[in-house]
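Since the structure comes first, as structure tokens, the remarks are kept for the end.
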Amino acid sequence: MGEVTTGGPLDRREVVNALLADRKDLLVVTGLGSSSYDVMAAGDHDNNYYLWAAMGSAAMVGLGIASAQPDKNVLVVTGDGEALMGFGALATIALRRPANLTIAVLDNGHFGETGMQVSHAGRGINLDKVAEACGFSWTKEIRDMEGVKDLHKRVYARDGLKLATIKIKAENLPRVLPPRDGSYIKNRFRSALGFQPI
């Protein structure tokens, strides 16, 4: 443990575009930073719940939404650094086991938002193995687009809690910023689900 094994071969924007293709009413929660930019680059949507200044919270927000909306498919798109900040969330989510929740961890092995320092994932911590040990129904490390296409299908199957670690290149791409007004994002998301703004 500790050997640097950062990132992988995949292009993060290509991965996210493939995951969100033909998304219909898929509910998407994004982690802090690059994953939000990637989802926005794939196309803004009323069913996107972008997180700002909430590092480590994406998976738990996904759990809350999946629990409140059991008839909807929920996808959390986050990075390895953000997921590591909420490490204990995987155990809590595994105990709740929402069958409509999928977590996609874009793993470049770095803390991209704080200067590209090597992350724990870049030093050998495999988040998919952690999720497996916690009791997730399905976990996988993905290193090719065939694996991404398989994950895309699984997102729409409410057959158990899922997490994939997707090995992406360690690079800083141009930022495509989603809306930054938290009240607007919340109320737009609520309206898309048929609830009144608050």
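Take the sequence shown: its letters are residues 343 to 540, numbered as in the numbering used here. Note that CB positions come from ideal geometry on N, CA and C, so glycine has one too. If you're wondering where the values come from, they're calculated on a predicted model, not measured in any experiment.
For I540, three-class secondary structure by DSSP: coil
Segment contact, 8 Å Cβ cut-off, at least three pairs: the segment 357-364 with the segment 514-521: no
Per-residue burial, F537 [other beta carbons within 10 Å of its own, 16 or more giving buried]: exposed
Within 7 Å, strictly: CB atoms of D501 and K482: no
Residues that N390 bridges to, as DSSP identifies them: V370
Nearest neighbour of V447, chosen from P440, K366, N390 and F429 [CA to CA]: F429
DSSP-derived helix/strand/coil call for I527: helix
Proximal residues to A433 (C-beta, below 8 Å), its chain only, five neighbours per side dropped: C476
Simplified DSSP state of G483, which is helix, strand or coil: The displayed chain sequence assigns Glu, not Gly, to residue 483. Residue state, collapsed to three classes: strand.
Pick from L368, K491, V371 and D449 that is closest to I508, judged by C-alpha positions: D449
Residues bridged to G421 [DSSP beta-bridge criterion]: L448
Boundaries of the beta strand (DSSP E) in which K471 is found, first to last residue: Segment L469 to C476 is the alpha helix (DSSP H) holding K471; no beta strand (DSSP E) there.
Between the CA atoms of T444 and K504 - distance to the nearest angstrom: 5 Å
Bounding residues of the alpha helix (DSSP H) (the contiguous stretch that carries L352): Segment: none, L352 is in no alpha helix (DSSP H) and carries neither H nor E.
According to DSSP, residues forming a beta bridge with V416: L369 and L443
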